[in-house]
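K.L.:
Using the working numbering, read the sequence shown as starting at 106 and increasing by one per residue.
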Amino acid sequence: MTRAQWQIISGRQANLGEGFSVTRLVPTAHRRMIGAWCFLDHAAADFDAGHGMQVGPHPHMGLQTFTWMVEGEILHRDSLGVEQLIRPGQVNLMTSGRGITHSEESPHQAGGRLHVAQLWIALPDAHRHTEPAFHHYAELPMHQEAGIRATVLVGKAWELAAPTQVYSPLVAIHIKFLETASLSVPLRTDFEHGIMQLNGEVTVDDQSLQRDQLMYSDKGADSLKITGVAGSQCLLIGGEPFNEPILMWWNFVGRTAEDIQQAAADWTAGRRFPEVPHSTLARLQAPDLTGVHLKPRSPLAQSIR
Ligand code: MN
């Protein structure tokens, strides 16, 4: 049995406007990617009537967006004409391919609680110009042991395979402790892994996992032991190290500065990224690229900034 060597990475607060703040755990200065996972935001907030998430139509390119709801609901609309409400325990997976537009909003006027993990998956070069697509996965395979429910969101574990359609070797597992308990999680030795706490009190291989932190482990480990007090939840992600340097800017993943400049120009000019039917929210504007130095970054580099 080979245990992981865990490295603690602190997330940072990012403000999404209207007082809505999230913890960004990927990318950070110390870790740009975990497998093809290139972005991880954790948001947990109570909101008043008329507020909550109100993200108007915006474009994506070269990635998949992956949404896991812990509490609350989000209404997704996209330029394929899909309108999908996501609820706790479900996954929304949007494949932008060469270009898609979507909006995300809290569906209720009454206020409530929103607790969500939003991730992006970089598409490998062979798939980054693929047709856009959207999938909603209402039911996912579950591994149950005394006091524990582990849901396989992406990839395989315990001989269970998630139906989620991804384009590189990846895994994601949600672990919920119904009672105070410990769980041994099988790991692929050719994967690197990250684990984050969604709530409660969790220890991983006897190290305490704090809120707003990510524990990262390089390839080589074949299992981890996780202990949680009743009610705790966490999210494990992993994948084969992504060996293509990517260039991530705003909502786009490309390879060159030209990819990004072209996508931004296409969005601003109303090309490539179609409108979202029935959205009542204002279309987001691309940030100004003037003076921005766009340089591809290797996911393997430990320190980039
Ligand atoms: Mn988006």
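The C-beta atom is built at its ideal place from N, Cα and C for all residues, glycine as well.
Which runs of the alpha helix (DSSP H) fall wholly inside the region 240 to 269 and span at least 4 residues, in chain order?
P.N.:
Correct list: empty.
K.L.:
Contact defined as beta carbons within less than 8 Å: I believe L185 pairs with P237. What is the distance between those atoms, to the nearest angstrom?
P.N.:
Sure, about 6 Å apart at Cβ, within 8 Å.
K.L.:
Taking the straight line between their C-alpha atoms, what separation do you get for A255 and D393?
P.N.:
Each residue's alpha carbon lies about 43 Å from the other.
K.L.:
So S273 packs on H298, CB below 8 Å; how close in whole Å?
P.N.:
With 8 Å as the limit, S273 and H298 do not qualify as a contact, their Cβ atoms being about 15 Å apart.
K.L.:
May I ask you to list the residues that DSSP assigns as paired with G333?
P.N.:
G333 pairs with A286, V307.
K.L.:
Measuring from the CB of H241, is there a heavy atom of ligand 1 at a distance below 7 Å?
P.N.:
False, no ligand heavy atom lies under 7 Å from that Cβ.
K.L.:
Go ahead and label N197 buried or exposed: buried means 16 or more other beta carbons lie within 10 angstroms of its beta carbon, across all protein chains shown.
P.N.:
Answer is buried; the Cβ neighbour count reaches 16.
K.L.:
A227 and V358 look like a contact to me (Cβ under 8 Å); what is the Cβ gap, rounded to whole Å?
P.N.:
The pair is a contact, with the Cβ atoms about 5 Å apart (cut-off 8 Å).
K.L.:
Give the DSSP bridge partners of G359, in chain order.
P.N.:
L352, per the DSSP bridge assignment.
K.L.:
Given 7 Å as the limit, tell me if H165 has its C-beta closer than that to any heavy atom belonging to ligand 1.
P.N.:
At least one heavy atom of ligand 1 is nearer than 7 Å to the Cβ of H165, so yes.
K.L.:
Quick check: T206 and V334, are their CB atoms within less than 8 Å of each other?
P.N.:
Contact flag unset, no.
K.L.:
To the nearest angstrom, how far is the alpha carbon of K324 from that of W111?
P.N.:
Each residue's Cα considered, the two are about 11 Å apart.
K.L.:
Where does W411 sit, in a helix, a strand or coil, going by DSSP?
P.N.:
The structure shown has nothing for residue 411, since the chain only spans 106 to 410.
K.L.:
Leaving out five residues before and five after N304 in sequence, what residues of the same chain have Cβ atoms less than 6 Å from its Cβ?
P.N.:
Here the set comprises Q338.
K.L.:
List the DSSP bridge partners of Y321.
P.N.:
According to DSSP, Y321 bridges with Q112, G299.
K.L.:
Can you tell me which of the three DSSP states Q366 falls into?
P.N.:
Reduced to three states, the DSSP call for Q366 is helix.
K.L.:
What separation, rounded to the nearest whole angstrom, lies between the Cα atoms of S384 and D327?
P.N.:
Cα to Cα, the separation comes out at about 46 Å.
K.L.:
Could you check the C-alpha separation between R377 and D310 for me, to the nearest Å?
P.N.:
Each residue's alpha carbon lies about 47 Å from the other.
K.L.:
Indicate whether E209 and V271 have their beta-carbon atoms separated by less than 8 Å.
P.N.:
Not a contact, by the Cβ cut-off of 8 Å.
K.L.:
Within the same chain, show all residues whose beta-carbon is closer than 8 Å to that of R402, passing over the 5 residues directly before and after it, in chain order.
P.N.:
So the qualifying residues of the chain are R137, P350, I351, L352, M353, I409.
K.L.:
Whose C-beta lies closer than 6 Å to the C-beta of H147 among residues of the same chain, with five residues either side of it excluded?
P.N.:
So the list reads T128, A222, once near-sequence residues are dropped.
K.L.:
Do G155 and G217 have their beta-carbon atoms positioned less than 8 Å apart in this structure?
P.N.:
The answer is no: Cβ separation not under 8 Å.
K.L.:
Using 10 angstroms around the beta-carbon of G344, count the other beta-carbons present and answer buried if the total reaches 16, otherwise exposed.
P.N.:
That one is buried.
K.L.:
Give the DSSP-derived three-state secondary structure of H499 in the structure shown.
P.N.:
Outside the displayed span of the chain (106 to 410) sits residue 499, for which this structure offers no information.
K.L.:
In angstroms with no decimal places, state the Cα-to-Cα distance between R203 and A362.
P.N.:
R203 and A362: Cα-Cα distance of roughly 16 Å.
K.L.:
Spatial neighbours of A406 within its chain, please: CB distance less than 8 Å, with the 5 preceding and 5 following residues excluded, ordered by chain position.
P.N.:
Annotation note: pLDDT 47 at A406 (below 50); position unreliable, no value reported.
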